[in-house]
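Visitor: Residue numbers (the working numbering): 55 to 356. Please see the structure below; I have some questions.
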Amino acid sequence: MERNPAFYIEIERIKANLTDCVMPVHPFREIAKFRSLVLENPKHAKRFAESEIEKSEDYVKLAEMGLDVIVAPSILSRVLAFEIAPDLIVYVCRSKKRKVIERKLERIMSFEFKAIRERSIKDRLRISKIEGEILGYPECCVSKFVEFKKNSILGKSSPPETVTILECLESGIFNDTLSYFSNPPKELPQEYFAFFTSNFYPCTVDCSKAISIGMKTYERLDFGKKKIYRRKLILNVLNLLVSAYNTYKFVKERGTKTEFGEAIKDFFDKFSADDLSRLENISRLIALDQLDFENRYLMHFD
């Protein structure tokens, strides 16, 4: 935990029996060199990446906890509907669940190939559904994510990420996040617990099932880990705030053409020059190395 708190705090969800698998921002940087093999031979890319991970100190620690690491080759962007984006996704799971999870991940890859080959929206959405199931996300959140993803592909609505950011703007959860980042409180508003992991979009910011996962994870932690987890929740919301800020920079340069753009501009136009400068610096550091940024933040607050 001391060296990689942003990584290990995600595993607490498994230890709390809330899921069998997590997809944390990971420290296994050395596997990036095998990404170029994904399109040519995904099985080789997977095998080489996992062999590399097994040499690491973190892998030994995970094994001692009864956990394993699965590397899943991916060829389809998780953001853009049918864009090819070769990657190696790292999952941490219970060792005894490895085979079951691997079979599901193999199904995902078969759907990726089919989605690209046939421009199949149905198969693209199946990927999101299976991923949500693997990671133990609430069914309501997975269903809503899939619904918004489908409608955004069809041009009927905004992407789920945009919908979540807009709700954060309207609910007020963004309002205190920057001050919480500088001075983490001993108690967080309940809504922060809905963002119990990185890159997760609850169906609403007050989703009781998502909040319950965050709260149950928190309740089983000791005093020191509770402090880390509270800060990690702040970071998870901060990542969305930074994404909104990057949209604001685009809107400032190109002008507003949508209600979302107007909402973003209205929100950030009220920020002081100092706060906008802080957001710019945070955005740069996250883009440079998200795991390093999060670990530094989690380790160096008293």
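Note that the Cβ used here is the ideal one computed from N, Cα and C, for glycine as well. In this text, all values refer to a predicted model and were calculated from it rather than measured experimentally.
1. Taking 7 Å as the cut-off, is the CB of L93 close to at least one heavy atom of the ligand GTP?
2. Leaving out five residues on either side along the sequence, give the residues of the same chain with a beta carbon under 6 Å from the beta carbon of I267.
3. Taking just the CA atoms, how far does E313 sit from S233?
4. Please check the pair I282 and P59, which I expect to be a contact at CB under 8 Å, by giving their CB distance rounded to whole angstroms.
5. Looking at C-alpha atoms only, which residue of L91, I124, V79 and E334 is the closest neighbour of I188?
6. Helix, strand or coil: which one does DSSP assign to Y234?
7. Quick check on the DSSP output: the beta strand (DSSP E) that includes V49 runs from which residue to which?
8. What residues in its chain sit with their C-beta under 6 Å from that of R148, if we drop five residues either side in the sequence?
9. Whole-angstrom Cβ separation of E166 and L142, contact assumed at under 8 Å?
10. Take E334 as the anchor and find which of N229, L352 and N293 has the nearest alpha-carbon.
11. Within 10 angstroms of the Cβ of I138, are there 16 or more other Cβ atoms? Answer buried if so, exposed if not.
12. With 8 Å as the threshold, decide whether the Cβ of H80 is near any Cβ in chain B.
13. Measure from the alpha carbon of S236 to the alpha carbon of each residue in R284, A169, C194 and R89, then state which is nearest.
Guide: Walking through what the data contain:
1. The model depicted lacks the ligand GTP and carries no ligand whatsoever.
2. Excluding sequence neighbours, I267 sits near L72 and F250.
3. Distance from the CA of S233 to the CA of E313, rounded to the nearest whole angstrom, comes to 27 Å.
4. Between P59 and I282 the Cβ distance is about 5 Å, and since that is below 8 Å, they are a contact.
5. Comparing Cα positions, the closest option is I124.
6. Three-state result, Y234: helix.
7. This structure leaves residue 49 out entirely; the chain is present only between 55 and 356.
8. Result list for R148: D74, in chain order.
9. E166 to L142, Cβ: 13 Å. No contact.
10. When only C-alpha atoms are compared, the closest one is N293.
11. Exposed is the call here.
12. Of the protein chains in the structure, only one exists, and it is not chain B.
13. Minimum Cα distance to S236 is reached at R284.
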